[in-house]
Amino acid sequence: MKKRIVTLLLTLTILGLAAGCGEKKSEEDKKETTKTEQAAEEEFVLTNQEGKVVAADVENLADYITLGEYKNLEVEEKFPKQKITDEDVENSIHYNMLRAVKQVEVTQDRPVKNEDTVNIDYTGYMDGKEFEGGSAKGENLLIGSGQFISGFEDGLIGHKKGEEVTLDLTFPQDYKATEMQGKAVQFKVKINSISEAPELTDEWVAENTQYKTVEEYKKKQKELMQNSADLDYESQINSDLFTLVVNDTKFEKYPEDMLETAKKEVREQLDAMYQAQQGITLDDYIKQQNISEKEEDKALTDQAQKFLQQNLVVQGIFNAEGIELTEEDYNKELEKFAKTSGFPDVKTLETYYTDKNVIKDSVLWNRACEIIRSTATIKEKAVETGDE
């Protein structure tokens, strides 16, 4: 039972937003939280009754927390700052070209090789019978991507278009579908076509990107990659520093109304995630795992409290520093946050994070981190020499 609750808690932790506030959402990520974000949008209120933008709107914050030390802290880098090289850019572009939507079909009579994309029909058999989920027609597969189980992709190398290949394989012991773990299977595969990545030319760049030449495209990619690397570094340092403050803060209790709202939001986000990724509701998952209402409530409460700890600590720092943000102040912070997070402007930021509550929490968290960072010491990561 304990293992199931830990699993639920681990799943809940992926819903944390502050530590990764600089990361952009994929299309799948955005779909996962669409319903929750739409509901939150209707409840969004920027300022309190006094016209101030606050992280936690409570009258006597000291009744809830005793703020930990947030000045003169020290952390060590988890990883050093990265300097993006031309080789890094070439590798990134090569990776993206292999996954370009429009591949170029191979017309010459040659066999499949690594990094080709093959279109295949396949049927999987276990003990001589087809097994559920083991068959497909017209599936595109990038050779070398590791998308299929070990031996499947390598088994197609050297074969040509039109050939039918039989692959005798074994599912790995840690395969996600437990009923297939370690099972011996056979796949019969027909290769319908072979395609390869398009050549990187000025023409391709002009047709498929917002740039005109390969040189311009590479230059911009290097800039974007460097910005992303810098953001990863800064986000990690800020997260580590903020964690020190949270761990040093004593939490007496939590505002009941805020706690119930946070629990509701956690549950809604988790439900949306399960529906998007697995096609089941959170209730379905809980029934499958035989998790009781009491156990579910504890898991949700624990995670909601973690979310509230962020807002309470942020507000505690603001109070200690005498910071009161007006709507105008907040908008300036929002513009700064968008740029430091890798977005050209606020409008673009809001296309990725449509829940304004998430944006608000992230902006205020970022401002608090600036305060912590202003007196902090960052130690360079020790170089491991391998010598005893």
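Residue numbers -18 to -1, 1 to 370, in mature numbering (1 follows the signal peptide of the UniProt record, and there is no 0), belong to the letters of the sequence shown in order.
Beta carbons: idealized from backbone N, C-alpha and C, even for Gly.
Being a predicted model, the structure only gives us computed values, none of them experimental.
The C-alpha of glutamate 315 is placed about 37 Å away from the C-alpha of alanine 82. Isoleucine 102 is not a Cβ neighbour of asparagine 209, given a cutoff of 8 Å. A buried status is given to threonine 99, since no fewer than 16 other beta-carbon atoms sit within 10 Å of its beta-carbon.
For threonine 243, DSSP records no beta bridge to any residue.
Between glutamine 297 and leucine 43, the C-beta spacing is below 8 Å.
Contact between the region 84 to 100 and the region 171 to 190 is established, with three or more Cβ pairs separated by less than 8 Å. Take valine 94, set aside five residues on each side of it, and the residues of its chain with a beta-carbon closer than 8 Å to its own are Val100, Ile125, Leu138, Ile139, Gly140, His141, Lys142, Ile173 and Ile176, in chain order. For methionine 108, the enclosing beta strand (DSSP E) has its first and last residue at 99 to 108.
According to the DSSP assignment, threonine 160 belongs to no beta strand (DSSP E), since it is labelled neither H nor E. Annotation: the region 26 to 91 contains the following complete segments of the alpha helix (DSSP H) (minimum length 4 residues), in chain order: 68 to 80. With contacts defined as CB atoms closer than 8 Å, tyrosine 107 and valine 167 qualify as a contacting pair.
Ranked by Cα distance from proline 154, the first of Gly164, Asn30 and Val147 is Gly164. Shown here for glutamate 58: same chain residues with a beta carbon closer than 7 Å to its own, the five before and five after excluded, namely Lys361 and Lys363 in chain order.
Going by beta carbons, tyrosine 312 and tyrosine 46 fall outside the 8 Å limit. The three-state reading of DSSP puts glutamine 259 in helix, counting H, G and I together. Taking a cut-off of 8 Å on C-beta distances, the region 344 to 354 touches the region 286 to 301, as three or more cross pairs fall below it.
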